[in-house]
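*Asks:*
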Amino acid sequence: MSPVITPLEIQNHEFTTKLRGFNPEEVKHFLYALAEEFENIIEQNHKMARELAVLRERIKDMESREKVLKDTLVSAQQIKVDIQENAVKEAELIVKEAQLKADTLQERARDEVRKVQTHLSDLRRTRNDLLAEAEMMVSRFTHFVEAERELANEADNLMNLSFMKPGSADAASPARHEPHPFPKVESTPGSQTNDGKRKGAKTGT
Numbered sequence: 001m002s003p004v005i006t007p008l009e010i011q012n013h014e015f016t017t018k019l020r021g022f023n024p025e026e027v028k029h030f031l032y033a034l035a036e037e038f039e040n041i042i043e044q045n046h047k048m049a050r051e052l053a054v055l056r057e058r059i060k061d062m063e064s065r066e067k068v069l070k071d072t073l074v075s076a077q078q079i080k081v082d083i084q085e086n087a088v089k090e091a092e093l094i095v096k097e098a099q100l101k102a103d104t105l106q107e108r109a110r111d112e113v114r115k116v117q118t119h120l121s122d123l124r125r126t127r128n129d130l131l132a133e134a135e136m137m138v139s140r141f142t143h144f145v146e147a148e149r150e151l152a153n154e155a156d157n158l159m160n161l162s163f164m165k166p167g168s169a170d171a172a173s174p175a176r177h178e179p180h181p182f183p184k185v186e187s188t189p190g191s192q193t194n195d196g197k198r199k200g201a202k203t204g205t
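Letter by letter, the sequence shown follows residues 1 to 205 in full-length UniProt numbering.
(1) Report all residues from its chain with a CB closer than 7 Å to the CB of Glu133; omit the five preceding and five following residues, and keep chain order.
(2) Secondary structure at Gln77, three-state DSSP: helix, strand or coil?
(3) Does the segment 94 to 104 come close enough to the segment 65 to 73 that 3 or more CB-CB pairs lie under 8 Å?
(4) Kindly list the residues whose CB is nearer than 8 Å to the CB of residue 214, restricted to its own chain and excluding five residues on each side of it in sequence; keep chain order.
(5) Between the C-alpha atoms of Glu9 and Val27, what's the straight-line distance to the nearest angstrom?
(6) By alpha-carbon positions, which one of Asn153, Thr142, Ile59 ends up nearest to Thr104?
(7) Which residue from Asn153, Leu158, Gln106, Phe30 puts its Cα closest to that of Met137?
(8) Less than 7 Å between the beta carbons of Ala102 and Ala91, yes or no?
(9) Taking the alpha-carbon of Glu37 as reference, which of Asp156, Ala155, Ser162, Asn128 has the nearest alpha-carbon?
(10) Ala156 to Glu135, Cα distance in whole Å?
(11) Apply the 10 Å Cβ neighbour rule to Leu161 and answer buried if 16 or more other Cβ atoms are within range, or exposed otherwise.
(12) Taking Cβ positions, are Leu100 and Met48 nearer each other than 7 Å?
What follows is the structure, given as structure tokens:
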């Protein structure tokens, strides 16, 4: 099954830029590093799949050998009736050794398969963690851009209100230089800090 996101899609993904957004170069470097790591994981996954196929072939071969050994066991049991007691004991010993070897080979093969399956599970878990981390970064970046857009809209509204024409009563008394009252706007968390930074940036220009 092909991954949901390919390394090439990660490298070529373009984010929309907004005022005071993330550093594009840092985002691009991170995406390249993430794509490279993701590509390595995919390659390791393919390598493990190939190794698993080889191990399955070996298991198949061992099962074939086990069948031969079991056939030998049947033959040995068939002949033991016609041989002397000494030969019977020797045949039983051969049968036990053959069965022990077959069990040992089968257990080793099962251990190798379990190890490969565990490794594959770890690789899949690592791949899913990387995908979740990438999706979380995209979500955070989107929320950050939306918050900055709302702050910019609030700043524009405040600027528009500050340039509204005063009432006739205030215009008739030029001696009073009272500032025009701004409508009370509930600030969102971090808006005061961002407005202060934005005013400082305008003064510097």
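All residues carry an ideal CB built from backbone N, CA and C; glycine is no exception.
*Replies:* On the basis of the coordinates in this document:
(1) For Glu133, where only same-chain residues beyond five positions count, there are no Cβ hits under 7 Å.
(2) It is helical.
(3) A contact exists between the segment 65 to 73 and the segment 94 to 104.
(4) A query on residue 214 cannot be resolved here, the shown segment of the chain reaching from 1 to 205 and no further.
(5) In a straight line, the C-alpha of Glu9 is about 14 Å away from that of Val27.
(6) Per the Cα distances, Ile59.
(7) From the listed residues Asn153, Leu158, Gln106, Phe30, the smallest Cα separation to Met137 is found for Phe30.
(8) Not in contact: Ala102 and Ala91 (Cβ atoms no closer than 7 Å).
(9) Comparing alpha-carbon positions, the option among Asp156, Ala155, Ser162, Asn128 lying closest to Glu37 turns out to be Asn128.
(10) It is Asp, not Ala, that sits at residue 156 in the sequence shown. The alpha-carbon atoms of Asp156 and Glu135 are separated by roughly 32 Å.
(11) Exposed, by the Cβ-count rule.
(12) Judged by their CB atoms, Leu100 and Met48 are not nearer to each other than the 7 Å cut-off.
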